[in-house]
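Going by the working numbering, the letters in the sequence shown line up with residues 360 to 522, in that order.
Backbone N, C-alpha and C fix where the C-beta goes; we use that ideal spot for every residue, glycine too.
If you're wondering where the values come from, they're calculated on a predicted model, not measured in any experiment.
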Amino acid sequence: MTIDIIDLTDPEYADLSPVQLAMVRVAQGKKNEILADAAEEKDRLQNQLISNHFARSSVMQYARERIDSEAEAQIEVVKEDLLYQLAYEALGSEGDENGPYRYPENPNYNLSPSQRFLVVRNYYMQATDDPDARLQAYAMDTLARQYLGEYYTTLYDLLASYC
């Protein structure tokens, strides 16, 4: 996937946390979907105009401009939301009165459940290279059960698939 929703240099991308990278990928997916829907709408409209013998009409040009401007407006909303989320995550990743956020010492409860899933998954993937030890440690982690909620089983299944 080519990331072009926001302009960042390679060092700036390298400084993004896994949660922030996930946010960028989701926003890029939304942008790609908006562009695909716009292209599909333009094709549908062109086929409709051709079938009604209006292929060389200026209606097509105006309709394409309208579709493109609507798509750009939707993409701008996604981009602004992404920038807000990245800024908020950067603030939230600093920490609280207990110190910097790090799982399991000081988990960040401001994260969404899917972001918590990524944090805990990354923690266990970096903890050890032995998949059996990783799964056993995760199974004994009582904080993860409470912290992840419904995602606990999903992560357990994922870690078990590596065994």
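- Query: What span of residues does the alpha helix (DSSP H) with F476 cover, start to end?
  - Reply: P472 to A486
- Query: What three-state label does DSSP hand Y461 in the structure shown?
  - Reply: It is Arg, not Tyr, that sits at residue 461 in the sequence shown. If DSSP states are grouped into helix, strand and coil, R461 belongs with the strands.
- Message: When you compare the CB positions of Q474 and V378, do they come within less than 8 Å of one another, or not?
- Response: Yes; because the gap between Cβ atoms is below 8 Å, this pair is in contact.
- Message: Counting only C-beta atoms, is R415 closer than 8 Å to chain D at any point?
- Response: Judged by its chain identifiers, the structure shown contains no chain D, having just a single protein chain.
- Task: Ignore the nearest five residues each way along the sequence and tell me which others in D491's own chain have a CB closer than 6 Å to its CB.
- Result: C522
- Item | Buried or exposed by the 16-neighbour rule on C-beta atoms within 10 Å, applied to L502 | exposed
- According to DSSP, is A397 helix, strand or coil? helix
- Query: Can you check whether the CB of V437 is closer than 8 Å to the CB of Y462?
  - Reply: no
- Task: Kindly indicate which residue of S376, A386 and S428 has the alpha-carbon position closest to the one of K401.
- Result: S428
- Item | Residue range of the unbroken alpha helix (DSSP H) whose run includes T512 | T512: member of the alpha helix (DSSP H) spanning Y510 to S520, first to last residue.
- DSSP state of R415 mapped onto helix, strand, coil: coil
- Item | Own chain, CB closer than 8 Å to A519, minus 5 neighbours either side, in chain order | L494
- Query: When you compare each of H412, Q433 and R423 to I364 by their alpha carbons, which one comes out closest?
  - Reply: Q433
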